[in-house]
Structures are given as C-alpha cells and as structure tokens.
Amino acid sequence: MSNFVYKKAKEAFLNGNINVLNDQLKVLLLNTSEYTANENTDEFVSHIPANGIVKRSEALINTTSSNGVFDADNVTITEYNGDPFEAIALYQYKPSDAEARLIFYIDTSDGLPYSGLNTVSSVTIFWNDSIEKILSI
C-alpha cells in the first residue's frame, strides 16, 4: 500500500468537521496483518479491528497550521511493549472509536516497518521536517 489521506477525512476537512488546531489528534501504531486500510471507505477508528491497533499515542502538542501546512511536535509513545508495527494512522480523538475520525495512513517512511524490541521502552514518531511537514493541503 502507500501513504494517503483517508477520503472521508478530506470530506470532513471540507465540511469543517476536523480542526487540526482545536481537536485532539493522536497516532495509532498499526499491525497491517490485522488491518488492511481502505482509503475510500474507512472513516472511523472503529473500522480497524482491535487487534490491528498495537498502541495509541497521547495527543499531539504544539500543533500549527500555516499556508495549508500542518505541523506538531514529534510524538513519543512511552511504556511501549516493543511489539512490531508496520504503519501509523493519525486520528481525531473522540471518547468513542465510532466517532474518532481517521485522517491519514502511513506505511512507507523511514523506520517503517518497525521490527520491535523484546523490552518495554518508548518509540518516537519523527514528523517530516521538509516544507510539507505532517500534512500539506
């Protein structure tokens, strides 16, 4: 597969249902042998089987939006059990996975797939430092 913005997220952006500066945004670490992403139809975290989600991050901090470019601080996931993962997804946090919108999916990047460790540690997602940052519209 390749990296993409979920089409339902694009619709939500255009309808004003996702606000990257005011919404809590989090990252999912994904097991692609349990979840096959569908760019066209997946809309909510509930579309991902529970065993497809390896770990969830805390909310992104220091989010910015300028000239159509979204950025935030890198994300460190602490107390990570070291399981491997092959992809990540950004999502709009809501208390219910049935309301938590999927935003984008990445399975092609430096550090992916992550082969894992046999110990509890932390893992950091480093966002792109190019002009496109996390997401450019």
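Using our numbering, the first residue of the sequence shown is number 1, and each one after it goes up by one.
Glycine included, every Cβ here is placed at the ideal spot set by N, Cα and C.
Note that the coordinates shown come from a computational prediction; the quantities given were computed from them, not determined experimentally.
Exposure of residue i, with buried meaning 16 or more beta-carbon neighbours within 10 Å
| i | result |
| --- | --- |
| Gln24 | exposed |
Reference residue i, options the options, closest by Cα
| i | options | result |
| --- | --- | --- |
| Phe126 | Ala12, Asp71 and Ala98 | Asp71 |
| Ala100 | Glu39, Thr108 and Leu90 | Leu90 |
| Arg65 | Ala9, Asn22, Phe4 and Asn15 | Per the sequence presented here, residue 65 reads as Ser, with Arg not at that position. Selected option, being the one with the closest Cα: Asn22. |
| Ile134 | Lys7, Asn74, His47 and Lys55 | Asn74 |
| Lys7 | Thr41, Thr32 and Asn81 | Thr41 |
| Leu60 | Phe44, Asn19, Ser2 and Asn38 | Asn19 |
| Phe13 | Asn3, Ser2 and Gln92 | Gln92 |
Paired residues, beta bridge with residue i - DSSP
| i | result |
| --- | --- |
| Phe70 | Ser65 and Leu135 |
Within 9 angstroms, strictly: CB atoms of residue i and residue j
| i | j | result |
| --- | --- | --- |
| Ala87 | Pro113 | yes |
| Val123 | Thr76 | yes |
| Thr30 | Asp129 | The amino acid occupying residue 30 in the given sequence is Leu; Thr does not appear at that position. Contact: no. |
| Ser57 | Asp97 | no |
Which of helix, strand or coil DSSP assigns to residue i
| i | result |
| --- | --- |
| Leu29 | strand |
| Glu39 | coil |
| Glu11 | helix |
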